[in-house]
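Engineer: Below: one structure in structure tokens.
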Amino acid sequence: MNGRSFETPVIGQKAAKNNSTFIQLYYQNVRGLRTKTNTFYTNLLTSDYDIFAITESGLNSSIHDGEVIPPNFNILRCDRADGRKLGGVFLAASPRYELKRLPIIGNVDAALFEIICATVHRKNILLFMCCVVYIPPKSNVNEYMHLFNILETICVKFEKVIVMGDFNMPSASEEVQSYMEYVKAFCGFRQVNNIFNVSNRVLDLVLSALPTSDLEVHLADEHLVDIDAYHPPLVARMVISAHQNVTEPISDGNASNCNRWNFHKCNFNLLYNNLESIDWNRLYDIKSSEDALICFYELINCAISNCAPKRRPNLNTSRRVYPEWYTGDLIRDIRRKWRCHKLFKVSGASSDYKLFSKFRSIVKRKLLVYFNAYQKNLELNFVNDPKSFWTYVNSKKAKGNTRLTKDGVDLRDDECAECFASYFHSVYSPGRPRLDAREAQQTGDAGADAARVHVGQLTAADVCLALRKLKPKHSVGPDGIPPYIVRDCRAVFEKPLLYIFYLCLEERHYPDRWRTTRVIPVPKPGKGSDVSGFRPIAVLSAFAKIFEAALHRCIYSQVSARLSDDQYGFRPGRGAGSNLLSFVSYVAPAVDAGLHVDSAYFDFRKAFDTVDNDVLLRKFSAIGFTPHLLEFFASYLGDRRQYVEYAGYCSRRYNTWSGVSQGSNLGTLSFIIMINDLPEVVKESKCSLFADDLKLFRTVQNTSDCERLQRDIDRVVMWSEANKLFFNVEKCCMISYSRKRAPLEHQYIVGGAGMPRVARVRDLGIEMVPDLSYRTHINNLCTKSFRNLGFILRQTSKSYNVKVSKVLYNSLVRSQLEYNSIIWNPHEAKYTQMIEKIQNKLTRYLYLKEYGVYPGYPHVYPSQFVLGMVRYCQLSVRKDMALVKYVCRVLRGELHHPEFLEALQLRVPDNYVGLRRRPAMLSLPSSKTKLLNESPMLRAIRLLNKLSDNHIDIFAHNLPKLMELVLGFLRRRYKLVNVKFYLADFIFLFLF
1 MNGRSFETPV
11 IGQKAAKNNS
21 TFIQLYYQNV
31 RGLRTKTNTF
41 YTNLLTSDYD
51 IFAITESGLN
61 SSIHDGEVIP
71 PNFNILRCDR
81 ADGRKLGGVF
91 LAASPRYELK
101 RLPIIGNVDA
111 ALFEIICATV
121 HRKNILLFMC
131 CVVYIPPKSN
141 VNEYMHLFNI
151 LETICVKFEK
161 VIVMGDFNMP
171 SASEEVQSYM
181 EYVKAFCGFR
191 QVNNIFNVSN
201 RVLDLVLSAL
211 PTSDLEVHLA
221 DEHLVDIDAY
231 HPPLVARMVI
241 SAHQNVTEPI
251 SDGNASNCNR
261 WNFHKCNFNL
271 LYNNLESIDW
281 NRLYDIKSSE
291 DALICFYELI
301 NCAISNCAPK
311 RRPNLNTSRR
321 VYPEWYTGDL
331 IRDIRRKWRC
341 HKLFKVSGAS
351 SDYKLFSKFR
361 SIVKRKLLVY
371 FNAYQKNLEL
381 NFVNDPKSFW
391 TYVNSKKAKG
401 NTRLTKDGVD
411 LRDDECAECF
421 ASYFHSVYSP
431 GRPRLDAREA
441 QQTGDAGADA
451 ARVHVGQLTA
461 ADVCLALRKL
471 KPKHSVGPDG
481 IPPYIVRDCR
491 AVFEKPLLYI
501 FYLCLEERHY
511 PDRWRTTRVI
521 PVPKPGKGSD
531 VSGFRPIAVL
541 SAFAKIFEAA
551 LHRCIYSQVS
561 ARLSDDQYGF
571 RPGRGAGSNL
581 LSFVSYVAPA
591 VDAGLHVDSA
601 YFDFRKAFDT
611 VDNDVLLRKF
621 SAIGFTPHLL
631 EFFASYLGDR
641 RQYVEYAGYC
651 SRRYNTWSGV
661 SQGSNLGTLS
671 FIIMINDLPE
681 VVKESKCSLF
691 ADDLKLFRTV
701 QNTSDCERLQ
711 RDIDRVVMWS
721 EANKLFFNVE
731 KCCMISYSRK
741 RAPLEHQYIV
751 GGAGMPRVAR
761 VRDLGIEMVP
771 DLSYRTHINN
781 LCTKSFRNLG
791 FILRQTSKSY
801 NVKVSKVLYN
811 SLVRSQLEYN
821 SIIWNPHEAK
831 YTQMIEKIQN
841 KLTRYLYLKE
851 YGVYPGYPHV
861 YPSQFVLGMV
871 RYCQLSVRKD
881 MALVKYVCRV
891 LRGELHHPEF
901 LEALQLRVPD
911 NYVGLRRRPA
921 MLSLPSSKTK
931 LLNESPMLRA
941 IRLLNKLSDN
951 HIDIFAHNLP
961 KLMELVLGFL
971 RRRYKLVNVK
981 FYLADFIFLF
991 LF
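Taking UniProt numbering, the leading residue of the sequence shown gets 1, the next gets one more, and so forth.
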């Protein structure tokens, strides 16, 4: 008995019915779920219903699917579009069933009612079609007619149809009620629900053309949330005929074919002792890198096999998956409750109902106790076990389970793995590269000033550092060994790995076993259930990561001086903020002077996957790789393979004959070397790169400037064709930054097609518009931040540990509010207050948690006081601190940003001037508009000059001490309550 269907026939039923099963549809008008999500979620876990039709859900886009249903459930939502609290419907299904939304005629988003129409499937077999409807009371005739038209159009296409919902017919006009009778006659419907509410009316209708023997509706024996007297919860019990009864397939040996160790059941004390006692002498006698690696894994696998069992194949795909906080006794009580409920439905005896009611109460009580204990344990241990804490948080933010489809058919898990493999493989080049190191050396054309990049041998210090920096993750590569075990036992692996690395570099050969990559498909935000809506995440073997990390450190130190200053990606001390700061520092003065800047944004087509490896080898030669190192990288790039793992199934292995190694630092370094010479072809404009994100820009005064920019665009296109790294022309665009009423608009061409001119572009996470105002970015950011803050307050409403709320806020909200804030920090008071309002809402919530009094009406406490009492600081202060910190690190040589450093003009007065007065430290350029006056550059100069006026020397102290002095200055400037509350809040500024 799995609790998902009633398979015991009613006494006296004909034998022909014995092969029939039932689907139970639960319906309830919940009168809003925003404050009942936890109750609904926990009750849903213990229910034995199959389909859940909910009206008046009251949900909106700020409430995630994971807050309402478990992750493995399917859900279709239709939230109220106009933002009113009530209204909205959704349809959910247990993991054994699939829901497919049907398109609806007309503009339903503009209607006052909500409707979902979906087909219910199991194992790709259509069972029936279900509609869920909610229409508000006293709706006009047009709304009802629109609804009836939808039902007439959809319902006549299916034989088995169930329509459930709150139609509010008692308040409808006579015309609507009469037309309702016509709809029922046209569709062949009958009203199945005969259960009256407290007012002796029927507001919730169940319409269907199924015969009485196949569909019956009764009052629900258990409800998911508290019952509204006007809307009693219903259960519709629908018969599935014998030929539609889908049985689970018997495993054919392909189930869960990714057979790895189960480290959840590992004896780690024994494992670590076994690893420590390995005798590596046999390994040191081997002179071949491939044979040495085979011996290395044999010794490790032998030690692990005695301590960790292999994962068992999942043969029962219909097995119910319980949350990790369920205990054995709770699961047993849930199953007893299901059996008692089944017995009561068969017998109808009051004694059976009392037994069912008893176990229902026991389950609810235990469920509440265990769930609260689980949450409390997460909160207490979130410092020591952050992974479990964030796994729980991410599960609440997850979307409902969506199955992969192909040609309208749901795929099995093993079919999904193969489908992903075919799609990901199609991106790569179909031809095998030659990878001739000698030819690459001859055609690479290394200049006289090229570095001599050579890695003779790695040292023990290199390997030790790579082992220490390995992240202790649980995700395993193709070898099945998790990185946290490798990192814990780094003293054991250091010498054998050093010896294997020595053999690899000596032979100029990269081991074949480490050229295989495990790929995990991860859905893209807002995408559907098609394979194109997923991106591949590559996972390398832990030992391969160590080798590549050590190589990256040695090679990067030798080539860093040859890398272009226009490349900001994958380079220490540079990032998206540096890229945007250079760009804005160029554009703002031009717009301030009344000119305009044309900026072309380019998008490479699958850049990291389509890198031609023969071209890449020539780029290695051009930057100075020695012949010895070129031969090693020819082996490293050759015959790389991948396989896709999805839901425990592994696909076939396929070759990746193009691209760079993903999932490692060495792959990113290879890519920036590949495009390192691209800025050299840009002769008449400015160029800026962040990994594969490219933009060209130039100040435009007349058409000749536009022609110069066009020539640079043509040169970039020619470079892309010569290097076989092509643009996605459809995604390239042009934007003009100007405050002129009628700026010059020139049609630029890329790849033979016109570049579309846009009014808004997202540049490295920042919404950029032509007038360089950030209102759109701030509005969107505040909307997203308020949504995340609401999620935090809902999840911590019953928590007494304020540290949990702070951690969630700092990670999910404040990090977004401060992302590249030195670029878009607003100077208008209304936008500053809009941003501060988000944090003030949290701090008042924290004050209530800590002190038991809400600092609002009637006790209206000042925001500054509340901030100090809960040990927080104004966001505007933190943004000024971040700006000062960045500029100081550039001036002190800790960050490499030559363009910004050149723009900071230090004043060096002679002795005579110095004796008379103290001049400003930096020269402040003049500005005509607020745009330039409030740009990051001028804001930074004014802040540093004020620090200098207050006798704060930015070169005389270490960075933490300097930031403490700056904080004291800002305290006086912003009139903060007490500096001691904020020092801990700025620790993050000293760590980066």
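Note that CB positions come from ideal geometry on N, CA and C, so glycine has one too.
Count the other C-beta atoms from every protein chain shown that fall within 10 angstroms of the C-beta of D65, then say buried if there are 16 or more, exposed otherwise.
Structural biologist: One-based indexing of the sequence shown puts residue 65 at position 65. Per the 10 Å Cβ criterion, buried.
Engineer: Per DSSP, which residues does R77 bridge with? Please list them.
Structural biologist: On the sequence shown, position 77 is the one that residue 77 refers to. DSSP output for R77 lists F90 as bridge partner(s).
Engineer: One question on the structure: do N193 and V206 come within less than 7 angstroms of each other, judged by their Cβ atoms?
Structural biologist: Locating residue 193 in the sequence shown gives position 193, counting from the first residue. Locating residue 206 in the sequence shown gives position 206, counting from the first residue. For N193 and V206, yes; Cβs fall inside 7 angstroms.
Engineer: Answer with buried or exposed for K545, where buried requires no fewer than 16 other C-beta atoms within 10 angstroms of its C-beta.
Structural biologist: What you label residue 545 is simply residue 545 of the sequence shown in a count that begins at 1. By the 10 Å Cβ count, K545 comes out buried.
Engineer: Take every Cβ of the segment 697 to 716, pair it with every Cβ of the segment 590 to 607, and state whether three or more of those distances are shorter than 8 angstroms.
Structural biologist: Touching, per the Cβ criterion.
Engineer: Who does W719 pair with in a DSSP beta bridge?
Structural biologist: Your numbering for residue 719 matches position 719 in the sequence shown. Per DSSP, none; premise fails for W719.
Engineer: With the cut-off set at 7 angstroms, would you say L744 and I822 are in Cβ contact?
Structural biologist: Numbered from 1 along the sequence shown, position 744 holds the residue referred to as residue 744. Numbered from 1 along the sequence shown, position 822 holds the residue referred to as residue 822. No, the Cβ-Cβ distance between L744 and I822 is not below 7 angstroms.
Engineer: Tell me whether the segment 580 to 597 and the segment 494 to 502 touch, counting them as touching only if at least three CB pairs, one residue from each stretch, are closer than 8 angstroms.
Structural biologist: Not touching, per the Cβ criterion.
Engineer: Looking at the unbroken alpha helix (DSSP H) that takes in P898, where does it start and where does it end?
Structural biologist: The residue labelled residue 898 in the question sits at position 898 within the sequence shown. Start and end: P898 to A903.
Engineer: Going along the chain, which residues of its own chain have a beta-carbon closer than 7 angstroms to the beta-carbon of G253, five neighbours each way excluded?
Structural biologist: By 1-based counting over the sequence shown, the position of residue 253 is 253. With a pLDDT of 40 at G253, under the threshold of 50, the modelled position of that residue is not reliable, and the figure given next carries that caveat. If we look at G253 and ignore the five residues flanking it on each side, it has no Cβ neighbours.
Engineer: Go ahead and label C131 buried or exposed: buried means 16 or more other beta carbons lie within 10 angstroms of its beta carbon, across all protein chains shown.
Structural biologist: On the sequence shown, position 131 is the one that residue 131 refers to. Buried, because 16 or more other Cβ atoms sit within 10 Å of the Cβ of C131.
Engineer: Nearest to W514 by alpha carbon, out of L470, S661 and V717?
Structural biologist: Taking the first residue of the sequence shown as position 1, residue 514 is located at position 514. Looking at the Cα atoms, S661 is the closest of the given residues.
Engineer: For K885, report the span of its beta strand (DSSP E) as first-last.
Structural biologist: As a working note, residue 885 is residue 885 in the sequence shown. Element bounds for K885: not the beta strand (DSSP E) but the alpha helix (DSSP H), L875 to L891.
Engineer: Quick check: what's the CA-CA separation for T212 versus K160?
Structural biologist: By one-based count along the sequence shown, residue 212 stands at place 212. By one-based count along the sequence shown, residue 160 stands at place 160. C-alpha separation (whole angstroms): 13 angstroms.
Engineer: Beta-carbon within less than 8 angstroms of S529's beta-carbon, same chain only, minus the 5 sequence neighbours each way: which residues are those?
Structural biologist: The count along the sequence shown starts at 1 and reaches residue 529 at position 529. So the qualifying residues of the chain are T402, R403, L404 and T405.
Engineer: Going by Cα to Cα distance, which pick from A303, L283 and R653 is closest to L271?
Structural biologist: As a working mapping, residue 271 is identified with position 271 in the sequence shown. Closest by alpha carbon: A303.
Engineer: Kindly list the residues whose CB is nearer than 7 angstroms to the CB of A220, restricted to its own chain and excluding five residues on each side of it in sequence; keep chain order.
Structural biologist: Against the sequence shown, residue 220 aligns to sequence position 220. Here the set comprises Y26, P233, L234 and V235.
Engineer: Within a Cβ cutoff of 7 angstroms, which residues of the same chain sit near Y819, ignoring the five residues on either side of it in sequence?
Structural biologist: Position 819 of the sequence shown, counting from 1, holds the residue named residue 819. Excluding positions up to five away in sequence, the list reads G765.
Engineer: Taking only three categories from DSSP, how would you classify residue 995?
Structural biologist: The requested residue 995 does not occur in the structure, where the chain is confined to residues 1 to 992.
Engineer: Is the beta carbon of E631 closer than 7 angstroms to that of A440?
Structural biologist: Stepping through the sequence shown from its first residue, residue 440 is reached at position 440. Stepping through the sequence shown from its first residue, residue 631 is reached at position 631. No.
Engineer: Of the choices Y886, K184, S61 and K695, whose alpha-carbon is the least far from that of A209?
Structural biologist: Here residue 209 corresponds to residue number 209 of the sequence shown, with the count starting at 1. Comparing Cα-Cα distances from A209 to each of Y886, K184, S61 and K695, the minimum goes to K184.
Engineer: Just verifying my parser: in three-state terms, what is the DSSP assignment at L458?
Structural biologist: Residue 458 sits at position 458 when you count from the first residue of the sequence shown. Coil.
Engineer: Relative to the C-alpha of R365, which residue among M963, T46, G752 and R34 is closest?
Structural biologist: Position 365 of the sequence shown, counted from the start, is the residue given in the question as residue 365. Selected option, being the one with the closest Cα: T46.
Engineer: Evaluate E645 with the Cβ neighbour count: other Cβ atoms within 10 Å of its Cβ, from every protein chain shown; 16 or more gives buried, anything less gives exposed.
Structural biologist: If you number the sequence shown from 1, residue 645 lands on position 645. Buried: at least 16 other Cβ atoms inside 10 Å.
Engineer: Taking one C-beta from the segment 149 to 168 and one from the segment 116 to 135 each time, how about it: are there three or more such pairs within less than 8 angstroms?
Structural biologist: With the cut-off at 8 angstroms, the segment 149 to 168 and the segment 116 to 135 touch.
Engineer: Using a threshold of 7 angstroms, state whether the C-beta atoms of P525 and F420 are closer than that.
Structural biologist: Residue mapping note: residue 525 aligns to position 525 of the sequence shown, counting from 1. Residue mapping note: residue 420 aligns to position 420 of the sequence shown, counting from 1. Contact: no.
Engineer: Below 8 angstroms on the Cβ atoms is my guess for Q558 versus V453; work out the distance and round it to an integer in Å.
Structural biologist: Counting from 1 along the sequence shown, the entry for residue 558 is found at position 558. Counting from 1 along the sequence shown, the entry for residue 453 is found at position 453. Contact holds; Cβ gap of about 5 angstroms.
Engineer: Whole angstroms are fine: how far does the CA of E298 sit from the CA of S277?
Structural biologist: Residue numbering aside, residue 277 sits at position 277 when the sequence shown is read from its first letter. Residue numbering aside, residue 298 sits at position 298 when the sequence shown is read from its first letter. Computed Cα separation, rounded: 14 angstroms.
Engineer: In chain order, what are the residue ranges of uninterrupted alpha helix (DSSP H) at least 4 long that sit wholly in the segment 356 to 401?
Structural biologist: Counting whole runs of 4 or more residues, the segment 356 to 401 contains the alpha helix (DSSP H) stretches 386 to 397.
Engineer: Go through its chain and collect everything with a Cβ distance to A92's Cβ below 6 angstroms, but skip five positions before and after it.
Structural biologist: Locating residue 92 in the sequence shown gives position 92, where the first residue counts as 1. These residues qualify, in order along the chain: F52, I69, F73 and I75.
Engineer: Should F602 go down as buried or exposed, given a rule of 16 or more other Cβ atoms within 10 Å for buried?
Structural biologist: The residue given as residue 602 occupies position 602 in the sequence shown. With 16 or more Cβ atoms within 10 Å of its Cβ, F602 is classed as buried.
Engineer: Measuring alpha carbon to alpha carbon, tell me which residue in E143, R96 and C78 is nearest C117.
Structural biologist: Position 117 of the sequence shown, counting from 1, holds the residue named residue 117. The option with the nearest alpha carbon to C117 is C78.
Engineer: What is the residue span of the alpha helix (DSSP H) that S670 lies within?
Structural biologist: Numbered from its first residue, the sequence shown carries residue 670 at position 670. Unbroken alpha helix (DSSP H) run through S670: N665 to M674.
Engineer: On the DSSP bridge assignment, give the partners of S599 in chain order.
Structural biologist: For the purposes of this step, residue 599 is identified with residue 599 of the sequence shown, where counting begins at 1. According to DSSP, S599 bridges with F697 and I735.
Engineer: Measure how close the beta-carbons of D612 and K469 come, nearest whole angstrom, since I'm counting them as under 8 angstroms.
Structural biologist: Taking the sequence shown and counting its residues from 1, one reaches residue 612 at position 612. Taking the sequence shown and counting its residues from 1, one reaches residue 469 at position 469. Actually they do not touch by this definition, with Cβ atoms about 31 angstroms apart.
Engineer: Do three or more CB pairs link the segment 532 to 541 to the segment 656 to 672 at distances below 8 angstroms?
Structural biologist: Yes, the segment 532 to 541 touches the segment 656 to 672.
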